[in-house]
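Colleague: Mind looking over this structure? Questions follow.
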Amino acid sequence: CSRPQQKKSLSHTARPVRVLPLCTSVSEHDAWRCPHCKQLQQGSITLSLWTLPDVLIIHLKRFRQVRKRMKLQNMVKFPLTGLDMTPHVDYVYDLYAVCNHHGTMQGGHYTAYCKNSVDGLWYCFDDTDVQQLAENEVCKQTAYILFYQRRTTIPSWSANSSVAGKAMLACDQGAGVAN
Numbered sequence: 001c002s003r004p005q006q007k008k009s010l011s012h013t014a015r016p017v018r019v020l021p022l023c024t025s026v027s028e029h030d031a032w033r034c035p036h037c038k039q040l041q042q043g044s045i046t047l048s049l050w051t052l053p054d055v056l057i058i059h060l061k062r063f064r065q066v067r068k069r070m071k072l073q074n075m076v077k078f079p080l081t082g083l084d085m086t087p088h089v090d091y092v093y094d095l096y097a098v099c100n101h102h103g104t105m106q107g108g109h110y111t112a113y114c115k116n117s118v119d120g121l122w123y124c125f126d127d128t129d130v131q132q133l134a135e136n137e138v139c140k141q142t143a144y145i146l147f148y149q150r151r152t153t154i155p156s157w158s159a160n161s162s163v164a165g166k167a168m169l170a171c172d173q174g175a176g177v178a179n
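For the sequence shown, full-length UniProt numbering begins at 1 and goes up steadily by one.
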């Protein structure tokens, strides 16, 4: 089955960029059914991106269901700073939070590691308990979701915007406004 791909016009001149080598072969068990000829087809799935966001969220595959459900316990090493996406795109990311899953596929508990944008230190959030965390303890086998911030951007929720927000609120209430 062969069908020519239709090209859609884009309002910008960017070209697609393959950020990671994400080309997956489709096996006979995962064959794709062509909507035109209705036959099962083998092929490959390719992911191409035009650009990357200011906040990059990476979801690690930690659960698998083949005949039985199981949690994947593989250690995934990830950089805390300098996740360099070149030569694909000219972006560098720094980790600012990690969501962790402790337990099994049938049940478990979530914790979060977050880097404070004011003091630059890492903290572990476990329900109502908050403790400072050493930087070398952030990369753990329990990591489930990674949150990266692009270096050239300042998030709207940062400490700087909170301070500016309070100053604007004071001005709106007439405090310190000179006419």
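Even glycine gets a Cβ: it sits at the ideal position worked out from N, Cα and C.
These numbers come from a predicted model, not from an experiment.
Whole angstroms are fine: how far does the CA of H109 sit from the CA of D129?
Modeller: Here residue 129 refers to the residue found at position 129 when the sequence shown is read from its first residue. Here residue 109 refers to the residue found at position 109 when the sequence shown is read from its first residue. Taking the straight line from one Cα to the other gives about 14 Å.
Colleague: Look up L22 in the DSSP assignment and say whether it is helix, strand or coil.
Modeller: Residue numbering aside, residue 22 sits at position 22 when the sequence shown is read from its first letter. Annotation note: pLDDT 48 at L22 (below 50); position unreliable, no value reported.
Colleague: Spell out the partners DSSP gives M70 in its beta bridges.
Modeller: Here residue 70 refers to the residue found at position 70 when the sequence shown is read from its first residue. In DSSP, M70 forms a bridge with R64.
Colleague: Under 6 Å Cβ to Cβ from I145, same chain only, skipping five residues before and after it: list those, please.
Modeller: Here residue 145 is taken as the residue at index 145 of the sequence shown, counted from 1. Same-chain partners within the cutoff: H59 and C99.
Colleague: Do you know whose CA, among T152, K140 and R33, lies nearest A97's CA?
Modeller: Translated into the one-based positions of the sequence shown, residue 97 becomes position 97. Comparing Cα-Cα distances from A97 to each of T152, K140 and R33, the minimum goes to K140.
Colleague: Please report the distance separating the alpha-carbon of L95 from that of Q106.
Modeller: Within the sequence shown, residue 95 is the residue found at index 95, counting from 1. Within the sequence shown, residue 106 is the residue found at index 106, counting from 1. If you take the alpha carbons of L95 and Q106, they lie about 29 Å apart.
Colleague: Any chance the CB of M85 is under 7 Å from a heavy atom of the ligand SAM?
Modeller: Looking at this structure, you won't find the ligand SAM or any other ligand, since it has none at all.
Colleague: Alpha carbons only, please: which of T111, E135, D127 and G103 is nearest the one belonging to L121?
Modeller: If you number the sequence shown from 1, residue 121 lands on position 121. Considering only alpha carbons, the answer is E135.
Colleague: Have a look at Q73, T81, K115 and R33 and flag the residue whose alpha-carbon is nearest the alpha-carbon of R150.
Modeller: Stepping through the sequence shown from its first residue, residue 150 is reached at position 150. Checked all of Q73, T81, K115 and R33; the closest Cα to R150 is T81.
Colleague: Identify the residues that DSSP records as bridge partners of Q106: which are they?
Modeller: What you label residue 106 is simply residue 106 of the sequence shown in a count that begins at 1. Answer is none; Q106 lacks a bridge partner.
Colleague: Can you give me the C-alpha to C-alpha distance between L83 and C37, rounded to a whole angstrom?
Modeller: In the sequence shown, counting from the first residue as 1, residue 83 sits at position 83. In the sequence shown, counting from the first residue as 1, residue 37 sits at position 37. Going by the C-alpha atoms only, they are around 43 Å apart.
Colleague: Need the endpoints of the beta strand (DSSP E) that Y91 sits in, please.
Modeller: Counting from 1 along the sequence shown, the entry for residue 91 is found at position 91. Per DSSP, Y91 belongs to no beta strand (DSSP E) and is neither H nor E.
Colleague: Is N100 helix, strand or coil by DSSP?
Modeller: Within the sequence shown, numbered from 1, the residue matching residue 100 stands at position 100. Three-state result, N100: strand.
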